[in-house]
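Beneath this line is the structure, given in C-alpha cells, with notes to follow.
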Amino acid sequence: MPKDKNQLMKKNTMENTNEMKDTNRRQFLKTTLYASIALGLSACGKSADADAPAHTSHAGMNHSTPPAGVPFDMTRLISGAPFAAPALLVFDALEHHVRAAALNIAPSKQTVTRDGASSQLWTYQTADNNAHGGAMIDAFEGETLRITAHNHLPEATTVHWHGIAVPPEQDGHPHDAIAPNAAKTYEFTLDADSAGTYWYHPHPHGKTATQTAMGLAAPLIVRSRTDPLAALGIPDHVLLLTALQLDGNAQIAAHTMDEQMNGRDGNVVFVNGQHQPVMQVAPNSTHRFRLINASNARYMRLSFGGLKMTVVGTDGGLLAQPLPAQSELLLAPAERIEVLMTFDKKLPQVKLQALPYDKGWMDGGMGGQKPILTTTDLMQFELAGEAVTSVIIPQKLRDIKPMGQASITRRIVLTEHMQMSMANGVHSMKMDFMLNGQSFDMNRIDFSAKQHAVELWEIVNQTDMDHPFHIHGNHFQVVSIEQNGKITPIQYLAWKDTVNTRAGQTVRLKIAQKHTGVRMYHCHILEHEDLGMMGQYEVLA
Ligand code: C2O
Ligand code: CU
Ligand code: CU
94 MPKDKNQLMK
104 KNTMENTNEM
114 KDTNRRQFLK
124 TTLYASIALG
134 LSACGKSADA
144 DAPAHTSHAG
154 MNHSTPPAGV
164 PFDMTRLISG
174 APFAAPALLV
184 FDALEHHVRA
194 AALNIAPSKQ
204 TVTRDGASSQ
214 LWTYQTADNN
224 AHGGAMIDAF
234 EGETLRITAH
244 NHLPEATTVH
254 WHGIAVPPEQ
264 DGHPHDAIAP
274 NAAKTYEFTL
284 DADSAGTYWY
294 HPHPHGKTAT
304 QTAMGLAAPL
314 IVRSRTDPLA
324 ALGIPDHVLL
334 LTALQLDGNA
344 QIAAHTMDEQ
354 MNGRDGNVVF
364 VNGQHQPVMQ
374 VAPNSTHRFR
384 LINASNARYM
394 RLSFGGLKMT
404 VVGTDGGLLA
414 QPLPAQSELL
424 LAPAERIEVL
434 MTFDKKLPQV
444 KLQALPYDKG
454 WMDGGMGGQK
464 PILTTTDLMQ
474 FELAGEAVTS
484 VIIPQKLRDI
494 KPMGQASITR
504 RIVLTEHMQM
514 SMANGVHSMK
524 MDFMLNGQSF
534 DMNRIDFSAK
544 QHAVELWEIV
554 NQTDMDHPFH
564 IHGNHFQVVS
574 IEQNGKITPI
584 QYLAWKDTVN
594 TRAGQTVRLK
604 IAQKHTGVRM
614 YHCHILEHED
624 LGMMGQYEVL
634 A
C-alpha cells in the first residue's frame with residue numbers, strides 16, 4: 094500500500110472519526126488496522142480533479158472522482174447486428190495432444206456507436222483479431238494447452254483460467270504477475286470429465302476489477318467427445334455477457350464510490366462484444382446456450398421472454414440429469430449455465446432479457462443512489478426458414494457421484510465494514526470487505542488442507558448484500574442453503590466453482606482439491622475481491 098494512503102488511514106482513525114450509523118443489520122466491527130483501501134474524497138464530494146480524463150482512472154481503485162459530465166447516450170449504440178460467435182484463439186496444429194497459441198493482452202479500439210466513436214478497451218487478442226468479446230479458447234478434454242500470454246498493457250497482469258483445475262502455478266495467482274512488455278507461458282492439461290463452460294480473466298493484485306472493467310474477459314470451452322447433446326446435433330452457442338460502464342465519450346468510466354462498494358453493474362451489457370445482436374433460428378428448433386456472466390458485479394436474472402428453458406449444465410459442465418423446465422434463472426457474476434431452449438413456431442420473436450434483481454445495496458452515505466432496477470434486453474431471436482422437429486432431451490446427461498462424508502468443516506464468514514471520516518475538511522471513506530474478519534494479504538496463508546480430502550465449507554453471509562463466492566482449483570458440490578434457520582438441501586448433483594450467497598444465508602458445499610499448492614477463494618464481485626474479500630489456503634500432500 095502506498096505510503097500516503099497509510100498516512101491517510103492513520104489520520105482518519107485518529108481525527109474526528111465519525112462511525113456511520115446504519116439502520117440495518119450490518120455488523121459493524123471495531124475500527125481495525127486490517128489492510129484496506131482508504132479512499133480520499135474532497136470536501137462535499139465535489140471532485141478536485143474533475144477535468145482529469147475519466148478513462149485514465151483504470152490504473153487504480155483509489156479514485157474518488159465520479160465520471161465527469163454527461164452520461165452515455167444509449168441510443169448511440171450499434172445494436173441489432175447479426176449474432177456472432179466469439180473470435181477463436183488460434184492454436185497451432187495439435188501435436189501429441191499439445192496445442193500452442195499466442196495470446197495478446199492489449200489495448201484495443203472498438204467502434205461501439207453508430208456515429209463511429211471508438212472506445213479504448215483492453216482485450217484478449219488472437220492473431221489478426223482484436224474483437225471485443227475476447228479470443229475464445231475452444232478445446233477438448235485430454236488436450237494440453239500451451240498459451241504464451243504477452244502483456245502489452247501499461248501495468249502488470251495475470252491470466253486466470255476460471256474454473257479449470259490447473260496446477261496452482263498455472264492459475265494466474267497475483268504472485269505470478271506478468272510485467273508490462275513481458276510474457277509468460279501457461280501450460281495445463283484439460284482433465285478427463287472436465288468438459289464445461291469456463292472463462293478467463295485477469296487476477297493481478299488489487300487490479301482485477303479495473304482490468305476486467307476495461308474489457309478483459311473471454312470464454313474457455315472444454316468439449317467432450319462423448320457429449321450426449323452434441324451427439325444429437327443440437328446447435329451450441331456461447332454467450333459471453335459483459336457489462337461495461339461507458340461515460341459520455343463512450344470511454345470506460347472511472348469507478349465511483351458506489352461501484353467500489355456495490356460492484357460495477359455497467360450501463361451497457363454486451364453479448365460476445367455485441368449490443369443486442371439478433372440470431373435467426375428455425376421454428377421449433379432446439380438450441381444449447383452456454384451463458385457466462387463475465388461482468389464485474391452485475392447479477393443477471395435471465396429470461397427468454399418467459400419461454401421455458403431446461404438447465405442441463407452449470408459451472409463445471411453437464412448435470413447428471415436435466416432440471417425441470419423453468420422460465421427464469423439467476424446467473425451471478427462468474428457463474429455459467431447451460432440451457433436448452435426450443436423456439437416455438439408460433440412466436441416469431443423472442444428476447445433474452447435480464448430482469449430486475451435486487452442484490453442489496455451498501456450506501457456509503459456519500460449521496461449515491463441505489464440504482465433503479467430495470468429490465469435489460471440482451472439479445473433477440475427471430476424465426477427464419479422451415480420448421481424442424483424439436484429434439485427429445487435425454488434424461489441422463491452424465492455420471493456425477495456425490496462427494497461423500499466430509500472429514501473437516503470450515504466456516505468462512507463474510508462481513509463488511511465502512512467508515513467515513515473527516516479530517517482537514519476532507520471526507521474519506523474506508524471500506525473493508527472481509528473473510529473471517531480479515532482482509533486479503535498475499536503473504537498470509539489462512540489455513541491448510543489435505544489433498545483429496547473432502548471438506549465441508551460453510552459460507553456465512555453476514556453482510557447486507559449478495560456475494561458470489563468462488564474457490565480456485567477443483568469444483569465443489571453445493572449441499573444446502575440455509576436462510577432464517579431453514580435449511581434447503583440441494584437435491585440434484587452439479588459441479589460448481591462459484592455460488593451466490595444472499596444476505597443472511599449460509600451456503601454449505603463440499604470440496605476436495607486434486608493438486609497441492611496455494612489456492613485462493615473470494616467474492617467474485619471483483620471490486621470486493623480487490624478490497625480484501627479474499628483468502629488463500631495451502632493444499633498439502
Ligand atoms: Cu474468476 Cu479468483 O477468479
Ligand atoms: Cu477462479
Ligand atoms: Cu462481495
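Counting in the numbering used here, the final residue of the sequence shown is number 634, and the numbers go up one at a time with none missing.
Note that CB positions come from ideal geometry on N, CA and C, so glycine has one too.
Quick one, are the C-beta atoms of Gln446 and Thr468 less than 7 Å apart?
yes
If I follow the unbroken beta strand (DSSP E) through Asn244, where does it start and stop?
Thr237 to Asn244
Count the other CB atoms, across all protein chains shown, that sit within 10 Å of the CB of His510; report buried if there are 16 or more and exposed otherwise.
buried
Shorter than 6 Å, the distance from the beta carbon of His255 to the closest heavy atom of ligand 2, or not?
yes
Which word fits His545, buried or exposed, when buried means at least 16 other C-beta atoms lie within 10 angstroms of its C-beta?
exposed
Going straight from the alpha carbon of Ile271 to that of Gln488, what length do you get?
45 Å
Jot down the residue ranges of each uninterrupted alpha helix (DSSP H) in the segment 326–360, minimum 4 residues, whole runs only, in chain order.
350–355
Check whether the Cβ atoms of Pro415 and Ile486 lie closer than 7 Å to each other.
yes
Can the beta-carbon of Leu395 be found closer than 7 Å to that of Leu433?
no
When the Cα atoms are used, what is the spatial distance from Cys616 to Met626?
6 Å
Apply the 10 Å Cβ neighbour rule to Met402 and answer buried if 16 or more other Cβ atoms are within range, or exposed otherwise.
buried
Do Arg357 and His306 count as a contact pair if the criterion is CB distance below 7 Å?
Before going further, note that residue 306 is Ala rather than His in the sequence given. Contact: yes.
Return yes when the Cβ of Val371 is within less than 7 Å of the Cβ of Glu475, no when it is not.
yes
Inter-stretch contact (C-beta, 8 Å, three-pair minimum) for the segment 575–595 and the segment 522–530
no
Which residues in the same chain as His563 place their Cβ atom closer than 7 Å to its Cβ, once the five residues preceding and following it in sequence are excluded?
Ala427, Asp590, Thr591, Tyr614, His615 and His617
Residue nearest to Leu178 in terms of C-alpha spacing, selected from Gly597, Ser211 and His225
Contrary to the premise, residue 178 reads as Ala rather than Leu in this sequence. When each option's Cα is compared against that of Ala178, the closest is His225.
What do you reckon, is the C-beta of Ala427 under 6 Å from a heavy atom of ligand 1?
yes
Counting pairs of beta carbons, one from the segment 230–240 and one from the segment 193–200, are three or more of them closer than 8 Å?
yes
Measuring alpha carbon to alpha carbon, tell me which of Ala375, Phe533, Asp221 and His520 ends up nearest Ala477.
Ala375
Going by beta carbon distance, what residues of the same chain come within less than 7 Å of Asp470, once the five residues before and after it are set aside?
Gln369, Lys444 and Gln446
Below 7 Å CB to CB, which residues in the same chain sit around Thr149 once its five sequence neighbours on both sides are set aside?
The pLDDT assigned to Thr149 is 32, lower than 50, so where the model puts this residue is not dependable, and the model offers no usable value.
Confirm, please, whether the CB-CB distance from Phe165 to Asn365 is below 7 Å.
no
May I ask you to check if the CB of His368 is nearer than 6 Å to at least one heavy atom of ligand 2?
no
Please tell me whether, using a cut-off of 6 Å, the distance from the CB of Lys560 to the nearest non-hydrogen atom of ligand 3 is below it.
Residue identity check: residue 560 is His in the sequence provided, not Lys. At least one heavy atom of ligand 3 is nearer than 6 Å to the Cβ of His560, so yes.
Does the count of Cβ pairs from the segment 248–259 and the segment 293–301 closer than 8 Å reach three?
yes
Fully enclosed by the segment 578–629, which alpha helix (DSSP H) runs are 4 residues long or longer?
619–623
For Leu333 and Ala310, which I take to be in contact (beta-carbon distance under 8 Å), what is that distance rounded to the nearest angstrom?
7 Å
Going by the DSSP bridge assignment, what does Asp470 pair with across the sheet?
Gln446
I'd like to check one pair, His330 with Phe382: are the Cβ atoms closer than 7 Å?
yes
For Gln498, which of helix, strand or coil comes out of DSSP?
coil
Reference Asp451; option with closest CA among Glu551, Asn355, Lys579 and Gln498:
Asn355
Sorted by chain position, which residues of the same chain lie with C-beta nearer than 7 Å to Pro247's C-beta, five sequence neighbours on each side aside?
Pro273
Beta-bridge partners of Leu187, as assigned by DSSP:
Answer by DSSP bridge pairing: none, since Leu187 is not bridged.
Would you kindly work out how many angstroms separate the C-alpha atoms of Ile580 and Val519, rounded to a whole number?
47 Å
So, using beta-carbon positions, are Leu440 and Ala499 closer together than 7 Å?
no
Quick one: Cα of Met535 to Cα of Asp269, how far?
11 Å
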